[in-house]
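Some notes on the structure that comes next.
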Amino acid sequence: MLNFNGLTLLCPEGLTLARLLDEQGLDPDTIATAVNGAFVPRDQRANTVLQPNDTVLTFQAIVGG
Numbered sequence: 001m002l003n004f005n006g007l008t009l010l011c012p013e014g015l016t017l018a019r020l021l022d023e024q025g026l027d028p029d030t031i032a033t034a035v036n037g038a039f040v041p042r043d044q045r046a047n048t049v050l051q052p053n054d055t056v057l058t059f060q061a062i063v064g065g
């Protein structure tokens, strides 16, 4: 199991952050992600394998200066 934005979800072996976002119907280009409090850049999501008890958060990406 893992925590995804406050929801408890199954965490099958080999589940990547990119696949989780796809399964949840989220547009990966419009959100930022963090796993266990650490920011995960877009280009690393496909290589970020989730583990049981991980906490995944998505939030609106903020652009500007």
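Numbering (full-length UniProt numbering), first residue to last: 1 to 65.
All C-beta atoms in this analysis are idealised placements derived from N, C-alpha and C, irrespective of residue type, glycine included.
Contacts around Leu50, its chain only, beta-carbon distance under 8 Å, and the 5 residues preceding and following it disregarded
Leu2, Cys11, Leu15, Thr16, Leu17, Leu20, Val35 and Val56
Between which two residues does the beta strand (DSSP E) containing Ala38 stretch?
Ala38 to Val40
Starting from Leu17, trace the alpha helix (DSSP H) in both directions and tell me its first and last residue.
Leu17 to Glu23
Please report the straight-line C-alpha distance between Gln44 and Thr8, rounded to a whole angstrom.
23 Å
Given this structure, state the Cα-to-Cα distance separating Thr48 from Gln60, to the nearest angstrom.
20 Å
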